[in-house]
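In this note's numbering, the protein residues as written are 25 to 508.
Written out as structure tokens, the structure is:
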């Protein structure tokens, strides 16, 4: 019962007329009981059994109650007898003076009326007068839903709907912003995911089509001279978010349903196609270092998510390919020459973020890390998954000492992490450790021991101000491969 709808001093008591059929004694008693419930809930009910006296004109009583401005609502208690008599199919309207006629109904605002169904026919259809049409009614024929629907009646009487239309707000501010491009990848994305999940022979082609559509459309995000670089970067990163999320879902679908090295090659080529944007376009005479920051961020973010997804699903052969196969593309933005480089080419500094941090004196240790972590929401990949991928990329570079450097930006958020990342915790087992070593190409226990020793002496250890990363804890160095 909605007791909070019972009138208080500041709420008018609504007056309601009950129109019903004298079908039989049982039905009349039901109506009487129902009317009593309404009165107990703060409704001033007008009912013939209470308000019609000997000598009163019953027809005039009914019509006056319907037309009386003090009567705000009229409840039509509709059973089989009411419907038949209201429609003139049995005995005529005049034989029962509390039944509303089509003429009286038509003369009033139909929002004043509400039909209450108390019985249904053999097909389960409600008994309703024809004049009521397709208007909404409330069903009290089922004891199981009686209480819930009685509350709905009270809400209607007191004009307190359950669902209230919110106050009209202001148009979003972004509608006044400069329009940002869209990649238009949705169709290609749906085809790719559907093909992957259903194991279609065309899946590899559909995957390539999606990646190609994504990378080709990135050209629309090229910055123009004179723009405020940070504002443009943030606006473009927001605009690319839906397509980026689609790419992550393609990675996840591949990891779950079609994790093959052939498909991993498609991801590798996709990353290469984004790297290609980190150069000065041909024919451009004036180009700033910050003009490519959007592409640098996107290629770095996509690479981290690809690693994170395949590590999460323990597809270590794919992770190995992404970390060992060289990437073909421009050597750098300034050098107009193509070549192959390790995955360290994928991380590039973002000058626009450095300028922003200094200009506004934000004193952030890494705006890039802030953005990466902030954009995790809704991807299906956790912050910890992303940091774990960053950590593995860093460790592989640390193990091999071949000029590979990796800046694990997101690990700023792992400075207060006091336990190992999941794959390293699991690698306490020699069996799991051997699987994980596939990524690194080294024996983990001695390799980790060396990296931890170097870090203790301040060599090749990520540092933010005075804080350094606890490699030993995050990599479970003390227990790695210790158990069978």
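Every residue, glycine too, gets a C-beta built ideally from N, C-alpha and C.
Sheet register partners of residue i (DSSP bridge)
i: residue 91; result: Paired residue(s): none; residue 91 is not in a bridge.
i: residue 432; result: In DSSP, residue 432 forms no bridge with anything.
i: residue 41; result: 70, 98
i: residue 453; result: 507
i: residue 150; result: 144
i: residue 362; result: 354
Cβ-Cβ distance between residue i and residue j below 8 Å
i: residue 318; j: residue 395; result: no
i: residue 343; j: residue 334; result: yes
i: residue 242; j: residue 180; result: no
i: residue 361; j: residue 355; result: yes
i: residue 328; j: residue 413; result: yes
i: residue 39; j: residue 68; result: yes
i: residue 472; j: residue 444; result: no
i: residue 124; j: residue 90; result: yes
i: residue 399; j: residue 254; result: no
i: residue 389; j: residue 489; result: yes
i: residue 302; j: residue 316; result: yes
i: residue 98; j: residue 43; result: yes
i: residue 298; j: residue 368; result: no
i: residue 259; j: residue 233; result: no
i: residue 405; j: residue 272; result: yes
i: residue 257; j: residue 158; result: no
i: residue 101; j: residue 55; result: yes
i: residue 495; j: residue 466; result: no
i: residue 143; j: residue 171; result: no
i: residue 209; j: residue 267; result: yes
i: residue 300; j: residue 353; result: yes
Distance between beta carbons of residue j and residue i, contact taken as under 8 Å
i: residue 295; j: residue 351; result: 7 Å
i: residue 213; j: residue 270; result: 4 Å
i: residue 468; j: residue 427; result: With a Cβ gap of about 22 Å, residue 468 and residue 427 do not count as contacting.
i: residue 161; j: residue 141; result: 5 Å
i: residue 435; j: residue 493; result: 6 Å
i: residue 110; j: residue 153; result: 4 Å
i: residue 430; j: residue 418; result: 5 Å
i: residue 463; j: residue 340; result: 5 Å
i: residue 439; j: residue 491; result: 5 Å
i: residue 103; j: residue 47; result: 6 Å
i: residue 497; j: residue 424; result: About 22 Å; that fails the 8 Å criterion.
Collapsed DSSP secondary structure at residue i in the structure displayed
i: residue 488; result: strand
i: residue 223; result: coil
i: residue 425; result: coil
i: residue 139; result: strand
i: residue 367; result: helix
i: residue 70; result: strand
i: residue 157; result: coil
i: residue 373; result: coil
i: residue 353; result: strand
i: residue 480; result: helix
i: residue 347; result: helix
i: residue 447; result: helix
i: residue 389; result: coil
i: residue 131; result: coil
i: residue 507; result: strand
i: residue 380; result: helix
i: residue 183; result: coil
i: residue 405; result: coil
i: residue 162; result: strand
i: residue 231; result: helix
i: residue 51; result: helix
i: residue 188; result: coil
i: residue 59; result: helix
i: residue 116; result: Note on residue 116: pLDDT 40, under 50, position unreliable in the model; the coordinate value appears next. If DSSP states are grouped into helix, strand and coil, residue 116 belongs with coil.
i: residue 124; result: coil
i: residue 411; result: helix
i: residue 175; result: helix
i: residue 75; result: helix
i: residue 496; result: helix
i: residue 65; result: coil
i: residue 255; result: helix
i: residue 460; result: helix
i: residue 475; result: helix
heavy atom of the ligand PLP below 7 Å from residue i C-beta
i: residue 220; result: Looking for the ligand PLP in the displayed structure turns up nothing, as the structure carries no ligands at all.
(request) Any chance you could list the alpha helix (DSSP H) runs of at least 4 consecutive residues sitting entirely within the region 311–342, in chain order? (result) Scanning the region 311–342 for uninterrupted alpha helix (DSSP H) segments of 4 residues or longer gives 317–336, listed from N- to C-terminal end.
(request) Only counting runs of 3 or more residues, tell me where the beta strand (DSSP E) segments fall wholly within the region 277–305, in order along the chain. (result) Listed in chain order, there is nothing to give.
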